[in-house]
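*Asks:* First residue of the sequence shown? That's 12 in this note's numbering, and the numbers climb one at a time after it.
Got a structure for you, questions after.
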Amino acid sequence: MTVYVAEIAQRAIFAFDAANSQAAEERLADREFLGDLYVLQSNAQPLWDGKSEIHLREALPGEVEAWEAGRETASLSRVFLVPVVDPLKFVDPEDVDPYDDLDDDDDDFDDDRD
């Protein structure tokens with residue numbers, strides 16, 4: 012197995028192992044993981060804007076060490092190389108209105124009617 016690094020905006024974001032570069036590319040295309048990159052934040056900014064290209068390369072020696080250490084402590088297949096926060100952990104479900112996105116007008120109703 013080879014350790015690979017995904018870079019976004021010339022910043023090494025996470026490391027993971029894969030059998031070869033094709034397998035690594037397939038892992039980067041996983042929609043669920045891409046969704047995580049869109050939600051997770053570092054320095055109050057999303058890791059990924061949903062548009063920027065995610066570059067794949069083989070890990071440098073220090074990144075391999077970080078990946079190995081991260082796997083030992085968390086038993087993860089991927090290890091973030093930047094501090095990461097999940098902002099959804101700080102949201103109180105009682106404060107979330109599931110219909111909020113439906114209200115796109117200025118009337119007093121939370122609905123999709125104008």
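For glycine and all other residues, C-beta sits at the position ideal for the given N, C-alpha and C.
Between alanine 30 and leucine 99, what straight-line distance do the alpha-carbon atoms span, to the nearest angstrom?
*Replies:* On the sequence shown, position 19 is the one that residue 30 refers to. On the sequence shown, position 88 is the one that residue 99 refers to. Answer to the nearest angstrom: the Cα atoms are 33 Å apart.
*Asks:* May I have the straight-line CA-CA distance separating leucine 45 from leucine 51, to the nearest angstrom?
*Replies:* Along the sequence shown, read from residue 1 onward, the residue named residue 45 stands at position 34. Along the sequence shown, read from residue 1 onward, the residue named residue 51 stands at position 40. Cα to Cα, the separation comes out at about 10 Å.
*Asks:* Would you grab the beta carbon distance between alanine 26 and alanine 70 for me? Rounded to a whole angstrom, and I think it's under 8 Å.
*Replies:* Residue mapping note: residue 26 aligns to position 15 of the sequence shown, counting from 1. Residue mapping note: residue 70 aligns to position 59 of the sequence shown, counting from 1. Confirmed, Cβ separation roughly 5 Å.
*Asks:* Judging by CA-CA distance, which residue of Val96, Gln21, His66 is the nearest neighbour of serine 32?
*Replies:* For this step, residue 32 is matched to residue 21 along the sequence shown. When each option's Cα is compared against that of serine 32, the closest is His66.
*Asks:* Which stretch, first to last residue, makes up the beta strand (DSSP E) that contains glutamate 69?
*Replies:* Residue 69 sits at position 58 when you count from the first residue of the sequence shown. Where glutamate 69 is concerned, the enclosing beta strand (DSSP E) stretches over 65 to 69.
*Asks:* Comparing alpha-carbon positions, which option in Glu76, Ile24, Glu43, Glu64 lies nearest leucine 58?
*Replies:* For the purposes of this step, residue 58 is identified with residue 47 of the sequence shown, where counting begins at 1. The residue with the shortest Cα to Cα distance from leucine 58 is Ile24.
*Asks:* Helix or strand or just coil, what does DSSP make of valine 50?
*Replies:* Taking the first residue of the sequence shown as 1, we reach residue 50 at position 39. Three-state result, valine 50: helix.
*Asks:* Could you have a look at aspartate 125 and say whether DSSP puts it in helix, strand or coil?
*Replies:* Counting from one through the sequence shown, the residue named residue 125 turns up at place 114. Below a pLDDT of 50, predicted positions are generally treated as unreliable, and aspartate 125, at 47, falls in that range; the measurement from the model is reported next regardless. Aspartate 125: coil per DSSP, three-state reduction.
*Asks:* So alanine 20 and serine 63 are in contact, right, with Cβ under 8 Å, and what is the actual spacing, rounded?
*Replies:* In the sequence shown, counting from the first residue as 1, residue 20 sits at position 9. In the sequence shown, counting from the first residue as 1, residue 63 sits at position 52. The pair is a contact, with the Cβ atoms about 6 Å apart (cut-off 8 Å).
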